[in-house]
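For the sequence shown, my numbering gives the first residue as 187, with consecutive numbering after it.
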Amino acid sequence: MELKSFGKRCGLEVAPVSIGAMRFPEDCTDAVSLIRHAIDAGMRYIDTSRGYGESEFKLGRALKDGYREKVILSSKCSPWCKKVRPDDDGSADSVRRRIEEQLLRLDVEYLDFYQVWSVHNREAWELATKKGGMVDGIQKAIDEGLVKHTGFTTHDTVENLLEYLDTADWAEVILCTYNFLNRTYEPVIEKAHAKGLGTIVMNPVGGGKLTGNSPVIMELASQLGVASVPDLAVRYVLSNPNVDTILCGMQKHTDIDATVAAATQPVLSTEQRETVNAFFEAHSRENVKFCTACKYCMPCPAGIDIPGILGALYEERFLGLTEDAKRTYKHATRDIGPAACTDCGACEEKCTQQLSVRAELKQAMKRLA
Ligand code: SF4
Ligand code: SF4
187 MELKSFGKRC GLEVAPVSIG AMRFPEDCTD AVSLIRHAID AGMRYIDTSR
237 GYGESEFKLG RALKDGYREK VILSSKCSPW CKKVRPDDDG SADSVRRRIE
287 EQLLRLDVEY LDFYQVWSVH NREAWELATK KGGMVDGIQK AIDEGLVKHT
337 GFTTHDTVEN LLEYLDTADW AEVILCTYNF LNRTYEPVIE KAHAKGLGTI
387 VMNPVGGGKL TGNSPVIMEL ASQLGVASVP DLAVRYVLSN PNVDTILCGM
437 QKHTDIDATV AAATQPVLST EQRETVNAFF EAHSRENVKF CTACKYCMPC
487 PAGIDIPGIL GALYEERFLG LTEDAKRTYK HATRDIGPAA CTDCGACEEK
537 CTQQLSVRAE LKQAMKRLA
C-alpha cells in the first residue's frame, strides 16, 4: 500500500488501511499471527486501548522480532470510558499512571500516540483539556519521551467538534466514524484535515453491517463496476480526500487481504461518489416514507420498543441488510416483543408517518424473529 501524509502536524506517513485492535482472536498465537500478517501487508498504524480486553497484551507479543519498529503504535484511555482504579479522574497524574501501566502491558518503551479516548460531550472535552487535565498529562509524557504524539477519538456532536477544532492546537490526529450509511462527521473530517490533523476513520464498513451480502447495495456496487459491498464501502471512504486512513477490524487473515485489496483499487470518482450519495439519500427513512424514529408514538403502554423494531424492518426492507436487521430486532425485543401488543391503536393515532404500526410489527416478527 502506498503511504500518504498523516496530516501536517505529526510529520508521519500512514497506509490507507490501519489495524483496528478492538477484537483479536481469543487465542494469543492466532492473534500474533494475524497482527504480523497485517503489518506484512503494509499496515502501519495500530489503534488499541486500555479498554479492549487483552488487545494490548497480544500486541505486545506481536510487536517483538522487529515488528515494533515498523508500526505507529497508538493507545488511549479516559476515566469516563474506563476506570482502572477508583481514583482515575482524568487529572494529569492519573493519565500518567495509565500511560506507565499501558507501556508495561504493551511491553514497549514508548507509544507513538496516546489519545484521549472517546470525547462524547462537552463535559468530557473540558475535563480533558482543563489545566492539569489529561492533555497536560500527555504533554508531560511527550516531553519525557514516553509518548511521541497525541490526539482524540470522538462521538460528540458535529457542532461541538467544529468548535473544539478551533482551539485543539495540541491534537495531531482525530478518530471518528464515517461510512456511506453514516456521513454525520463528514464536515468534522473536512475541517480536521484542513487544520492539519491526521484523520482516522472507524467503522468504514458500518461496524460490520456492510460486510454481509445486501442485494440492494450490491445492485448499486454492480452499477458502479465494484465487485462487492465491502469493496464499495472501503473505496467510498478512501475516496474522500480528507480521510488519511481507515481502521480494519480483523478476525482472520482474509479480512486483512480483502480490505487491502479494496484499498489498492482506484478510489471512486466524484461522479461515482455522487451516485452513492444519491442512492442512500433516495433510500433514507424520510424519502422511503418509513419510520423516522421520531418516537412520537412512545411510550407504548405495552412497553414495546416501536422505533427499534421498525428500525430493524427498515434495514431489512430498504437496505437489504438482513443479518444486521435480525441483530437489531433481537436487541429491540430483548425485553418485550411485538407479541405483547394489546391492539390499543394509540401508536397509529400518533404516528407522524401515518404508518400501520401494528401490521408492521407483525411483519417484523414474521421476518426477523
Ligand atoms: S397498538 Fe400495540 S404497539 Fe401500538 S401502542 Fe398499542 S400496544 Fe403499543
Ligand atoms: S411515530 Fe411513527 S415514525 Fe415516529 S417512531 Fe413511531 S412509528 Fe416511527
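By construction, the Cβ of each residue, glycine as well, lies at the ideal position given by its N, Cα and C atoms.
Closer than 7 Å: residues whose CB approaches a heavy atom of ligand 2:
Those satisfying the condition are, in chain order, Cys477, Thr478, Ala479, Cys480, Lys481, Tyr482, Cys483, Met484, Ile492, Pro493, Leu496, Cys533, Lys536, Cys537, Thr538, Gln539, Leu541 and Val543.
What are the residues that DSSP puts in a beta bridge with Ser277?
Indexing the sequence shown from 1 puts residue 277 at position 91. DSSP lists Gly319 as partners of Ser277.
Quick one: Cα of His517 to Cα of Leu496, how far?
Position 331 of the sequence shown, counted from the first residue, corresponds to residue 517. Position 310 of the sequence shown, counted from the first residue, corresponds to residue 496. Rounded to the nearest angstrom, the gap between the Cα atoms of His517 and Leu496 is 12 Å.
Find the nearest neighbour of Ala310 within the set Leu220, Gln288, Ser277 and Ala407, judged by alpha-carbon distance.
The sequence position of residue 310 within the sequence shown is 124, counting from 1. If we check each option's Cα against that of Ala310, Ser277 comes out closest.
Determine the burial state of Arg520: buried for a count of at least 16 other Cβ atoms within 10 Å of its Cβ, exposed for fewer.
Your numbering for residue 520 matches position 334 in the sequence shown. Arg520 should be labelled exposed.
Look at Ala227 and Val446 and say whether their C-beta atoms are less than 8 Å apart.
Along the sequence shown, one-based indexing puts residue 227 at 41. Along the sequence shown, one-based indexing puts residue 446 at 260. Contact: yes.
Any idea what DSSP makes of Lys438, helix, strand or coil?
Against the sequence shown, residue 438 aligns to sequence position 252. In the three-state reduction of the DSSP assignment, Lys438 falls in the coil class.
From this set, Ala550, Phe366, Val321 and Val429, which residue's C-alpha is nearest Arg503's C-alpha?
Indexing the sequence shown from 1 puts residue 503 at position 317. Among Ala550, Phe366, Val321 and Val429, the Cα nearest to that of Arg503 is on Ala550.
Should Gln288 go down as buried or exposed, given a rule of 16 or more other Cβ atoms within 10 Å for buried?
Looking up residue 288 in the sequence shown gives position 102. Counting Cβ neighbours within 10 Å, Gln288 comes out buried, since at least 16 surround it.
Hey, is Thr519 close to ligand 3, as in C-beta under 7 Å from one of its heavy atoms?
Ligand 3 is not among the ligands present in this structure, which contains only ligand 1 and ligand 2.
For Tyr238, I'd like the list of residues in its chain whose CB is within less than 8 Å of its CB, leaving aside the five on either flank, ordered along the chain.
Looking up residue 238 in the sequence shown gives position 52. Closer than 8 Å at the Cβ level, and outside the excluded window around Tyr238, lie Ala207, Met208 and Arg209.
With a threshold of 8 Å, are at least 3 pairs of Cβ atoms found where one atom belongs to the segment 485-492 and the other to the segment 456-471?
No, the segment 485-492 is not in contact with the segment 456-471.
Closer than 7 Å: Ile522 CB and nearest ligand 1 heavy atom
Within the sequence shown, the letter at position 336 stands for residue 522. Short note on Ile522: C-beta not closer than 7 Å to any heavy atom of ligand 1.
Compute the minimum distance between the beta carbon of Ala545 and the heavy atoms of ligand 1, and state whether it is under 7 Å.
Numbered from its first residue, the sequence shown carries residue 545 at position 359. No, the beta carbon of Ala545 sits no closer than 7 Å to any heavy atom of ligand 1.
DSSP-derived helix/strand/coil call for His341
The sequence position of residue 341 within the sequence shown is 155, counting from 1. The three-state secondary structure of His341, taken from DSSP, is coil.
Every unbroken alpha helix (DSSP H) within the segment 403-429, with a cutoff of 4 residues, ordered by chain:
Secondary structure in the segment 403-429: the alpha helix (DSSP H) runs of 4 residues or longer, each lying completely within the stretch, are 415-424 in chain order.
Just list the residues that DSSP pairs Phe299 with in beta bridges.
Walking along the sequence shown from the start, residue 299 turns up at place 113. Beta-bridge pairing by DSSP links Phe299 to Ser260 and His335.
What is the rounded straight-line gap between the Cα of Ala479 and the Cα of Gln539?
Taking the sequence shown and counting its residues from 1, one reaches residue 479 at position 293. Taking the sequence shown and counting its residues from 1, one reaches residue 539 at position 353. So the alpha carbons of these two residues sit roughly 10 Å apart.
Buried/exposed call for Gly246, threshold 16 Cβ in 10 Å
Here residue 246 is taken as the residue at index 60 of the sequence shown, counted from 1. Looking at its Cβ environment, which holds 16 or more other Cβ atoms inside 10 Å, Gly246 is buried.
Give the straight-line distance between the Cα atoms of Glu405 and Asn399, rounded to the nearest whole angstrom.
Numbered from its first residue, the sequence shown carries residue 405 at position 219. Numbered from its first residue, the sequence shown carries residue 399 at position 213. Annotation: Glu405 to Asn399 spans about 11 Å, alpha carbon to alpha carbon.
Report yes if the C-beta of Ile490 is less than 7 Å from at least one heavy atom of ligand 1; otherwise report no.
In the sequence shown, counting from the first residue as 1, residue 490 sits at position 304. Here the distance from the Cβ of Ile490 to the nearest heavy atom of ligand 1 is below 7 Å.
Pick from Ile324, Thr315 and Ile360 that is closest to Trp296, judged by C-alpha positions:
Mapped onto the sequence shown, residue 296 falls at position 110. Note on residue identity: the sequence assigns Tyr, not Trp, to residue 296. Scanning Ile324, Thr315 and Ile360 for the CA closest to the CA of Tyr296 turns up Ile324.
Excluding the five sequence neighbours on either side, which residues of its own chain have a C-beta within less than 7 Å of the C-beta of Ser191, listed in chain order?
Here the question's residue 191 lines up with position 5 in the sequence shown. Non-local C-beta neighbours of Ser191 in its own chain, meaning closer than 7 Å and more than five positions away in sequence, comprise Glu199, ordered along the chain.
Report the rounded CA-to-CA distance for Arg291 versus Val203, giving the unit in angstroms.
Translated into the one-based positions of the sequence shown, residue 291 becomes position 105. Translated into the one-based positions of the sequence shown, residue 203 becomes position 17. Taking the straight line from one Cα to the other gives about 25 Å.
Ile360, enclosing alpha helix (DSSP H) - first and last residue:
The residue given as residue 360 occupies position 174 in the sequence shown. Ile360: not part of any alpha helix (DSSP H); member of the beta strand (DSSP E) spanning Val359 to Thr363, first to last residue.
Suppose contacts are defined by Cβ-Cβ distances below 8 Å. Is Pro390 in contact with Ile328 by that definition?
Here the question's residue 390 lines up with position 204 in the sequence shown. Here the question's residue 328 lines up with position 142 in the sequence shown. In this structure, Ile328 does not lie closer than 8 Å to Pro390 by Cβ.
Kindly indicate the opening and closing residues of the alpha helix (DSSP H) around Met551.
Working through the sequence shown from its first residue, we reach residue 551 at position 365. Per DSSP, Met551 belongs to the alpha helix (DSSP H) from Val543 to Leu554.
Opposing strand residues paired with Asp233 [DSSP bridges]:
Locating residue 233 in the sequence shown gives position 47, counting from the first residue. Gly206 and Ser260.
Proximity of Tyr500 and Val462 at Cβ, strictly below 8 Å
Within the sequence shown, residue 500 is the residue found at index 314, counting from 1. Within the sequence shown, residue 462 is the residue found at index 276, counting from 1. Against a cut-off of 8 Å, the Cβ pair of Val462 and Tyr500 comes out as no contact.
Please report how far the alpha carbon of Pro373 lies from the alpha carbon of Asp529, in whole angstroms.
In the sequence shown, counting from the first residue as 1, residue 373 sits at position 187. In the sequence shown, counting from the first residue as 1, residue 529 sits at position 343. Whole-angstrom Cα-Cα distance: 44 Å.
Here's a check: name, in chain order, each residue in its chain whose Cβ is nearer than 6 Å to the Cβ of Leu259, leaving out the five neighbours to either side.
As a working mapping, residue 259 is identified with position 73 in the sequence shown. So the list reads Ile232, Leu297 and Asp298, once near-sequence residues are dropped.
Between Asp293 and ligand 1, is there a pair consisting of the residue's CB and a ligand heavy atom that are separated by less than 7 Å?
For the purposes of this step, residue 293 is identified with residue 107 of the sequence shown, where counting begins at 1. Checking the Cβ of Asp293 against ligand 1 gives no.
Secondary structure of Val218, DSSP reduced to three states:
Position 32 of the sequence shown holds residue 218. Reduced to three states, the DSSP call for Val218 is helix.
Which of helix, strand or coil DSSP assigns to Ile522
Reading the sequence shown from its first residue, position 336 is the one you call residue 522. Ile522 sits in coil when the DSSP states are folded into three classes, being neither helix nor strand.
Inter-residue CB distance, Glu358 and Gly384 (contact presumed, cutoff 8 Å)
Walking along the sequence shown from the start, residue 358 turns up at place 172. Walking along the sequence shown from the start, residue 384 turns up at place 198. Confirmed, about 6 Å.
Counting along the chain, where does the alpha helix (DSSP H) carrying Val374 start and finish?
Walking along the sequence shown from the start, residue 374 turns up at place 188. Taken as a continuous stretch (DSSP letters only), the alpha helix (DSSP H) holding Val374 covers Glu372 to Ala380.
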